[in-house]
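Residues -23 to -1, 1 to 263 (mature numbering (1 follows the signal peptide of the UniProt record, and there is no 0)) are what the sequence shown spells out, left to right. For glycine and all other residues, C-beta sits at the position ideal for the given N, C-alpha and C. Comments concern the structure below.
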Amino acid sequence: MAFLKLSALSVLVTATWAVTISAAVIPYGSPDGNTTHLYHFDDVAGSTSTTDTVTTGGINLSPVNGANFGSSSFSTAFGNAGALSTTATNRIFSGGLATTSQVGITNAFTIEAVLKLSAISGTYQQIVTVGNNQVQFRIDNAGNTMSFVSTATSPTFTFSGAIPTAGANAFDASAFYHVAVAYTGDETAATNIAMYWTKLDDATTSANLISTGTMTADLLAVTGFYVGNRNTRSESVLGLVDEVRISNVARTADQFIFSPASVPEPAFASSICLVAMGFLCRHRRA
C-alpha cells in the first residue's frame, strides 16, 4: 500500500506599489473661498472681454487701446494668454470703475499674475493698477526691480524686490514668470508683506521669495481696476499676461500655481492567501 500525503499548502502573495506625484505648474481651477477675482485669459483673438471666474462680485475685463487675446501661454494646460504689447505701452485690460472694496484688497490681499515680458527695464510696467494709480504692482523702469506702490495709504508706501539676474529664476525674455505680492492685513506685524518672482518650470514646487517688508496701514478706498495701467496713461506690461488672481488673504509660497513636492502615496498592498489544510491524497495499490 502506498500513500501520497499533502498535509498543508499555504501560499501568500503580497504586492506593494509606491506611487509618486510628479511636480508640475498648473493653472488655477475653480476659485476657492478667498479668491475675489480670477482671470484665465483663455479667450480667442478678437474677443471683447474676458470673464471673471468668480461669479459673485465678479468684474469682467475689456481690452483697451489694442490689447488682445489668443496668444499661446506657458503650456497647453494654460490655454491662451492676454496680449498687451512688446512695444506700445498703453494697452490694458480694464475693469472699469471698480472700488478697492470690490477688488477685494481693503485688508489682507494677494495680487498675482503670470507674465512673459520682452524686457524688465527702460519703462515702468504696471501689472495691476487700482484707482488713479494710487495702487500699483509694477516692474520699475530701471534696476531690475519689481515694486508695490500705494498712495492709498497714509503715509505713502513703496515696497520693492530685486528681480533675479542669475540662477534658476533669472530673467529671460523667452520665459514665463509668476509674480505676486501678499499682505497679511496686520499693520502691527514686523514682517507683513512679501513679494515673489518665480520662473515657470515644471520642476518648481513653490514660489521664489524676493523680498519682505512692513506696511503700516491698510489701503484706502479708491476707484478703478486695471490689468496694466489705467487707460489714460502708458506704462503697461510689455508682453503677455495670464492667470491674474486677486485674493483676500496673504497667500504663501506653496499656495500658488506650483504643485507640492513629489510625495509617496500610501502604499497599496494586495494579499492573496491560498491555504489547503489537511489535504490528503491517498492512493492504494493491492
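Nearest CA to the CA of D117: which residue from V226, V31, L215, N109? Position 140 of the sequence shown, counting from 1, holds the residue named residue 117. That would be L215, whose Cα lies nearest to the Cα of D117.
What residues match up with P40 in a beta bridge as DSSP calls it? On the sequence shown, position 63 is the one that residue 40 refers to. Paired residue(s): F70.
CB-CB under 6 Å to S62, same chain, minus the five flanking residues each way: which ones, in chain order? Mapped onto the sequence shown, residue 62 falls at position 85. Cβ neighbours of S62 beyond the five flanking positions: R68.
Assign S213 to buried or exposed, taking buried as 16 or more other Cβ atoms, counted over all protein chains shown, within 10 Å of its Cβ. As a first step, residue 213 must be located in the sequence shown, where it is residue number 236. Result: buried.
When you compare only the Cα positions, how much space is there between G120 and S98? Position 143 of the sequence shown, counted from the start, is the residue given in the question as residue 120. Position 121 of the sequence shown, counted from the start, is the residue given in the question as residue 98. G120 and S98: Cα-Cα distance of roughly 7 Å.
Whose C-beta lies closer than 6 Å to the C-beta of V240 among residues of the same chain, with five residues either side of it excluded? Here residue 240 refers to the residue found at position 263 of the sequence shown. Model confidence at V240 stands at a pLDDT of 45, short of 50, so the residue's coordinates are unreliable; what they give is reported in the following sentence. For V240, where only same-chain residues beyond five positions count, there are no Cβ hits under 6 Å.
Cβ-based neighbour list, G73, same chain, cut-off 6 Å, excluding 5 preceding and 5 following: On the sequence shown, position 96 is the one that residue 73 refers to. Cβ within range, chain order: n/a, list empty.
How about the segment 124 to 134 and the segment 220 to 227: do they share at least three Cβ pairs that are nearer than 8 Å? no
Short of 6 Å in beta carbon distance, which residues of its chain neighbour A147, apart from the five on each side in sequence? Order them along the chain. Counting from 1 along the sequence shown, the entry for residue 147 is found at position 170. So the list reads P141, once near-sequence residues are dropped.
For A143, the three-state DSSP class (helix, strand or coil): Counting from one through the sequence shown, the residue named residue 143 turns up at place 166. DSSP places A143 in coil when its eight states are reduced to three.
Here's the rule I'm using: 16 or more other beta-carbon atoms within 10 Å means buried, otherwise exposed. How should S151 be labelled? For the purposes of this step, residue 151 is identified with residue 174 of the sequence shown, where counting begins at 1. That one is exposed.
Taking all protein chains shown into account, decide if P40 is buried (16 or more other Cβ within 10 angstroms of its Cβ) or exposed. As a working note, residue 40 is residue 63 in the sequence shown. The residue is buried, with at least 16 neighbouring Cβ atoms inside 10 Å.
Identify the residues that DSSP records as bridge partners of E220: which are they? Residue 220 sits at position 243 when you count from the first residue of the sequence shown. According to DSSP, E220 bridges with nothing at all.
With distances taken between CB atoms, is the gap from F46 to S71 smaller than 8 Å? The count along the sequence shown starts at 1 and reaches residue 46 at position 69. The count along the sequence shown starts at 1 and reaches residue 71 at position 94. No; because the gap between Cβ atoms is not below 8 Å, this pair is not in contact.
Just how far apart, CA to CA, sit T106 and V204? Here residue 106 is taken as the residue at index 129 of the sequence shown, counted from 1. Here residue 204 is taken as the residue at index 227 of the sequence shown, counted from 1. Going by the C-alpha atoms only, they are around 6 Å apart.
Which residues does DSSP pair with T122 in a beta bridge? What you label residue 122 is simply residue 145 of the sequence shown in a count that begins at 1. A139.
Curious, which full-length alpha helix (DSSP H) runs of at least 4 residues does the segment 75 to 124 contain? 77 to 80
For a test of the three-state rule: what should DSSP assign to T53, helix, strand or coil? Working through the sequence shown from its first residue, we reach residue 53 at position 76. T53 falls in the helix class under three-state DSSP.
Would you call G34 buried or exposed, if buried means 16 or more other Cβ atoms sit within 10 Å of its Cβ? As a working note, residue 34 is residue 57 in the sequence shown. Classification for G34: exposed.
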